[in-house]
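Numbered by our numbering, the letters in the sequence shown go through residues 49 to 697 in order.
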Amino acid sequence: MSADTTYPPSDAMASGAHADKAKYDEMYAQSVSDPEGFWREHGQRVDWIKPYSKVKDVSYAPGNVSIKWFEDGSLNVAANCIDRHLAERGDQTAIIWEPDSPEDEAQHITYNQLHHDVSKFSNVLKELGVGKGDRVVIYMPMIPQAAYAMLACARIGAIHSVVFAGFSADALAARVNGSEAKVVITADEAPRGGRNTPLKTNADTAFEKIEVDCKMLVVRRTGGDVPMTAGRDYWLHEVEETVSADCPPEEMNAEDPLFILYTSGSTGMPKGVVHTTGGYIVYASMTHQYTFDYHDGDIFWCTADVGWVTGHSYIVYGPLANGATTVMFEGVPTYPDAGRFWAVCQKHKVNQFYTAPTAIRALMGQGDEWVSKYDLSDLKVLGTVGEPINPEAWNWYHEVVGGGNVPIVDTWWQTETGGHLLTPLPGATTTKPGSATLPFFGIQPVILEPTTGEEINDTAAEGVLCMKDSWPAQMRTVWGDHERFEKTYFADYKNYYFTGDGCRRDEDGYYWITGRVDDVINVSGHRMGTAEVESALVAHPKVAESAVVGYPHDIKGQGIYAYVTLMGGEEPSEELRKELETWVRSEIGPIAKPDLIQWAPGLPKTRSGKIMRRILRKIAEDDFGALGDTSTLADPSVVDDLIENRMNK
Ligand code: WT7
Numbered sequence: 049m050s051a052d053t054t055y056p057p058s059d060a061m062a063s064g065a066h067a068d069k070a071k072y073d074e075m076y077a078q079s080v081s082d083p084e085g086f087w088r089e090h091g092q093r094v095d096w097i098k099p100y101s102k103v104k105d106v107s108y109a110p111g112n113v114s115i116k117w118f119e120d121g122s123l124n125v126a127a128n129c130i131d132r133h134l135a136e137r138g139d140q141t142a143i144i145w146e147p148d149s150p151e152d153e154a155q156h157i158t159y160n161q162l163h164h165d166v167s168k169f170s171n172v173l174k175e176l177g178v179g180k181g182d183r184v185v186i187y188m189p190m191i192p193q194a195a196y197a198m199l200a201c202a203r204i205g206a207i208h209s210v211v212f213a214g215f216s217a218d219a220l221a222a223r224v225n226g227s228e229a230k231v232v233i234t235a236d237e238a239p240r241g242g243r244n245t246p247l248k249t250n251a252d253t254a255f256e257k258i259e260v261d262c263k264m265l266v267v268r269r270t271g272g273d274v275p276m277t278a279g280r281d282y283w284l285h286e287v288e289e290t291v292s293a294d295c296p297p298e299e300m301n302a303e304d305p306l307f308i309l310y311t312s313g314s315t316g317m318p319k320g321v322v323h324t325t326g327g328y329i330v331y332a333s334m335t336h337q338y339t340f341d342y343h344d345g346d347i348f349w350c351t352a353d354v355g356w357v358t359g360h361s362y363i364v365y366g367p368l369a370n371g372a373t374t375v376m377f378e379g380v381p382t383y384p385d386a387g388r389f390w391a392v393c394q395k396h397k398v399n400q401f402y403t404a405p406t407a408i409r410a411l412m413g414q415g416d417e418w419v420s421k422y423d424l425s426d427l428k429v430l431g432t433v434g435e436p437i438n439p440e441a442w443n444w445y446h447e448v449v450g451g452g453n454v455p456i457v458d459t460w461w462q463t464e465t466g467g468h469l470l471t472p473l474p475g476a477t478t479t480k481p482g483s484a485t486l487p488f489f490g491i492q493p494v495i496l497e498p499t500t501g502e503e504i505n506d507t508a509a510e511g512v513l514c515m516k517d518s519w520p521a522q523m524r525t526v527w528g529d530h531e532r533f534e535k536t537y538f539a540d541y542k543n544y545y546f547t548g549d550g551c552r553r554d555e556d557g558y559y560w561i562t563g564r565v566d567d568v569i570n571v572s573g574h575r576m577g578t579a580e581v582e583s584a585l586v587a588h589p590k591v592a593e594s595a596v597v598g599y600p601h602d603i604k605g606q607g608i609y610a611y612v613t614l615m616g617g618e619e620p621s622e623e624l625r626k627e628l629e630t631w632v633r634s635e636i637g638p639i640a641k642p643d644l645i646q647w648a649p650g651l652p653k654t655r656s657g658k659i660m661r662r663i664l665r666k667i668a669e670d671d672f673g674a675l676g677d678t679s680t681l682a683d684p685s686v687v688d689d690l691i692e693n694r695m696n697k
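Structure follows, in structure tokens:
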């Protein structure tokens, strides 16, 4: 195949799919010419307690951003994910749980069992004093109880905030304080890749910095010995013995918050992205059905962690709202060996498989034999998410994993968008390796000229990616800081939602994401604010100043490159380098550990003291032939030193 080979849907796929090309064209046209009518109809895909009469009330106007969908309707998300399926599929498996070790047995949890366990869990939360509108932080391994915890919150109207178990105690404490949570749910230990992370111990450390009145609910996973603080810590299995298995779902307004999820931005500390109830569940379920062409009886596997939005929308909420069987995997792609993903696909007869380019690239490097050992004939759709996928990895995924005849959906979206915005549909869209292709129903992408903010109307265009209008799962605000919400997403380009991504639209109208245009980097599909890593570094007593940028990395997509200026009198050493790496891990978490640290006697600054990151990025990319104008620097000579002492990749 040549680099610009395109892949039309097969006839078989097109004829059996929820949407073929004609259907996509027709539905898309209606969704943008009559959004009210379109969403009035498709909002019905979930069960409402009180039906909505209003569909959409949205303003992107500067100083007055307000987003509401189905605002006079009421419903409960857990009832939509569980109760409404019981009559028809109570005995069907809702969750297949695959543990870290292949030696341990997988669990098949039916919708009936899910109903029982989530109801119990809900009553446990109530017992601990949690009510409607209260916040609950979930810091859990990838075990069924993580999903139960989310659904239990949804059932009683509490707002969950899942914190990825790979984040440090400090990061956990910051999120608990930021959301003023009443309870932190954790587990004794988290087994991953054959090693146990001491989650409860991390949580104990976090509690030293937690300033709000908060309890801890602990799930027994490994049975490892953990200290419990009386009056503060409770075992789930003990409290469960004292509560009933009957918990009627709380009636929630469509615009009541469902969850907060902290995500990194270009400035300052992570912000709490707020998603609400009605619009989110409509959109998560609809994208899950159409993007993956999910049909009743299919086995769906998204390999993300529930700590990220991908896990929220496509392990828990979207699939369960559709009555699907969703696989939840506790482990990692390379344990016990590089064939694990494919072993699990074979074992559970997975039909739709959804993972990140970084995992594909890592496995591609291990050789095709890890894939070809397994029977992957049940696969019908392969998905990717999180970062641009290079055509080489796309082709490997398509040829080696998919055997050349399974469609690939490269889904572009964000924590803020709640669900897919740009994506192929398997039966409708001709794919091009590396392109997230076309908008989902109701999505109106525009490419703006970055400096003037003018919309580029030619089909072929390059600039910043914005959205002209809202969709039901759009984030509503930043928790506790609506001004920051407006400033981050609606200030640079008036009357648009600004994604932070650069993008090219080709002559066929296909979208190609070119990467972030702000100070956010994408490390193995995880979003990291350079400002966060910098502030962790400068918190170290020996560091005077630091600037962090991304650089191209073969497996991770981008690596973290840190320029560090030490305090006067401090000397660079390998030991100090290690110390700083460990420091950042403990301040934020292992995903934030700098890949390269360059000792910088000085940083390139303008005369007004602003660090010129453009220059630092170029040096990190080894592209110092194109540094541009350095004449405005206070001391242009620092650049020569930085180039001379740049790190080898
Ligand atoms: C950023 C959002 C949403 C799930 C995972 C990441 C990048 C995401 C793609 C894709 C190119 C992508 C963008 C986006 N991104 N998917 N298919 N192709 N880039 O969520 O942590 O909120 O990060 O990830 O840069 O802005 P997130």
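Ideal Cβ placement from N, Cα and C applies to all residues, glycine included.
Per DSSP, the continuous beta strand (DSSP E) segment holding T547 begins and ends at 545 to 553.
If you check the CB distance, V231 and L173 come in under 8 Å.
The secondary-structure analysis by DSSP pairs L123 across a beta bridge with M300. Under the DSSP definition of a beta bridge, A332 lacks any partner.
At a threshold of 7 Å, D549 counts as near the ligand WT7, since its beta carbon sits closer than that to one of the ligand's heavy atoms.
Here P487 is bridged, per DSSP, to L470. The DSSP-derived three-state label of D182 is coil.
Taking C-beta atoms under 8 Å as the contact rule, W390 and W418 qualify, at a distance of about 7 Å. In this structure, D218 keeps its C-beta atom at 8 Å or more from the C-beta atom of G475. Closer than 7 Å to some heavy atom of the ligand WT7: that does not describe the Cβ of Q414. D416 is not bridged by DSSP to any residue. Per the DSSP secondary-structure output, H323 pairs in a beta bridge with F307. Taking non-hydrogen atoms of the ligand WT7 into account, the C-beta of W519 is found less than 7 Å away from none of them. By the CB criterion at 8 Å, V392 and F377 fall inside the cutoff. Its Cα nearest to that of K395, the residue P150 stands out among R243, L690, P150, Q414. A70 counts as exposed, since fewer than 16 other C-beta atoms from the protein chains shown sit within 10 angstroms of its C-beta. In terms of CA proximity to Q522, Y331 leads the group A509, G548, Y331. Between the segment 159 to 175 and the segment 284 to 294, the count of Cβ pairs shorter than 8 Å is three or higher; the stretches touch. Setting aside the 5 residues that flank it on each side, L675 is surrounded in the same chain by I663, K666, each with a C-beta closer than 6 Å to its C-beta; the list follows chain order. Annotation for R268 indicates a beta carbon at 7 Å or more from all heavy atoms of the ligand WT7. Taking 7 Å as the cut-off, one finds at least one heavy atom of the ligand WT7 near enough to the beta carbon of T311. F538 places its beta carbon 8 Å or farther from that of P83. For the 8 Å CB-CB criterion, G327 and L123 do not form a contact.
Around the beta carbon of S518, a 10 Å sphere encloses 16 or more other beta carbons of the protein chains shown; the residue is thus reported as buried.
Here the distance from the Cβ of D566 to the nearest heavy atom of the ligand WT7 is not below 7 Å. Counting along the chain, L173 sits inside the alpha helix (DSSP H) bounded by residues 159 to 175. The nearest non-hydrogen atom of the ligand WT7 is less than 7 Å from the C-beta of V433. In the structure shown, V686 falls within a helical segment according to DSSP collapsed to helix, strand and coil.
When DSSP states are grouped into helix, strand and coil, L430 belongs to the strand group. Uninterrupted beta strand (DSSP E) stretches at least 3 residues long and entirely within the segment 614 to 695 occur at 644 to 647, given in chain order. From the listed residues H588, T507, K626, P642, the smallest Cα separation to A610 is found for P642. With a 10 Å radius around the Cβ and a threshold of 16 neighbouring Cβ atoms, N453 comes out exposed. By the neighbour-count definition (other C-beta atoms within 10 Å, threshold 16), V260 is an exposed residue. Excluding its 5 nearest sequence neighbours in each direction, C129 has C-beta neighbours in its own chain below 7 Å: L199, Y365, L368, A369, listed in chain order.
For K104, the three-state secondary structure derived from DSSP is strand. Listed as beta-bridge partners of C514 by DSSP are V494, F546.
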